[in-house]
Amino acid sequence: MNGDWWREQIPEAEKVLWVGKPDQGVFPPRYGWAYKAGIGLIALIWLASPWIFETARDFWKIFACTLGFAFFLWADRFIRAQRVYVVTSHKAWEFNKNLKSKELKVDQFLNFSCHRRRVVFDRHPFFSFDHLSDPDAALQALHQAREAAQ
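Note that this note's numbering has the sequence shown beginning at 276, numbered continuously upward.
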C-alpha cells in the first residue's frame, strides 16, 4: 500500500508545507504513565487474585478486564498508525485512513500553540495534532500558511 494515500484528497491548488504522523510507539509519550499504571494495576490484581476471588468462576471478571485493556491498547495504536497530519497553503488536515478526516481553514484569525508534543488550535477543541515527534516543524508550517493567507 502506498504511503501517500492522503495526497489524492488534497486539491491540486494547495501546496503541501508539512506532513507528520503521530508517534508510533506502543505507549504514546503523553499518556505513557497512564498505560503503564494500568498494566501494573492489572498485574497486581492477577497476583492478588487467589485472595480476592473466592471461587474460580470469579476469574472471568479479571479476564474480561485484561482483554478489554489489551483491546484498548491495540485500538489506540491502530488509530495512530492510520493518521496523517498535513499543513497546506490554505488548510490544516487530519487524514484518517479508516475514519472521517478533518480539515481546518488557516487564516489570520486562527490561533494555535504548541503544548507538550502536540499542536492545539484555540476554539477548536476536537482538532489537534497529537503525539508529534517535532511539533515545532508543524508550528512553523502553520505560521507560514497563516502569512500566505494574509
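All C-beta atoms, glycine included, are put in the ideal place defined by N, C-alpha and C.
Nothing here was measured: the structure is a model prediction, and the numbers come from that model.
{"Query": "Closest to N371 by C-alpha separation, out of Q425, F402, R392, F396, would be which residue?", "Result": "F402"}
{"Query": "Can you check which of these residues, Q419, Y310, S388, H365, is closest to T341 by C-alpha distance?", "Result": "Y310"}
{"Query": "Tell me where the alpha helix (DSSP H) around T455 begins and ends.", "Result": "No answer is possible for residue 455: it lies beyond the span of the chain, which begins at 276 and ends at 425."}
{"Query": "Look at W293 and V362 and say whether their C-beta atoms are less than 8 Å apart.", "Result": "yes"}
{"Query": "List the whole-angstrom C-beta distance separating P303 from H406, where the pair is believed to meet the contact cut-off of C-beta under 8 Å.", "Result": "5 Å"}
{"Query": "Tell me the start and end of each unbroken beta strand (DSSP E) in the region 375-420 that is at least 3 residues and wholly inside, in chain order.", "Result": "377-380, 387-389, 394-396"}
{"Query": "Report yes if the CB atom of N373 is closer than 8 Å to the CB atom of Q357, and no otherwise.", "Result": "yes"}
{"Query": "Skipping 5 residues on each side, what residues in its chain have a beta carbon closer than 6 Å to that of M276?", "Result": "With a pLDDT of 47 at M276, under the threshold of 50, the modelled position of that residue is not reliable, and no figure is offered here."}
{"Query": "Assign G295 to one of three DSSP states: helix, strand, or coil.", "Result": "strand"}
{"Query": "When you compare only the Cα positions, how much space is there between A288 and G315?", "Result": "51 Å"}
{"Query": "Please report the residue range of the alpha helix (DSSP H) in which W326 lies.", "Result": "307-327"}
{"Query": "Between the Cα of V394 and the Cα atoms of Q415, L348, R282, G307, which residue gives the shortest distance?", "Result": "Q415"}
{"Query": "Please work out which residues of its chain come closer than 6 Å, Cβ to Cβ, to K380, disregarding the five sequence neighbours upstream and downstream, and give them in chain order.", "Result": "K366"}
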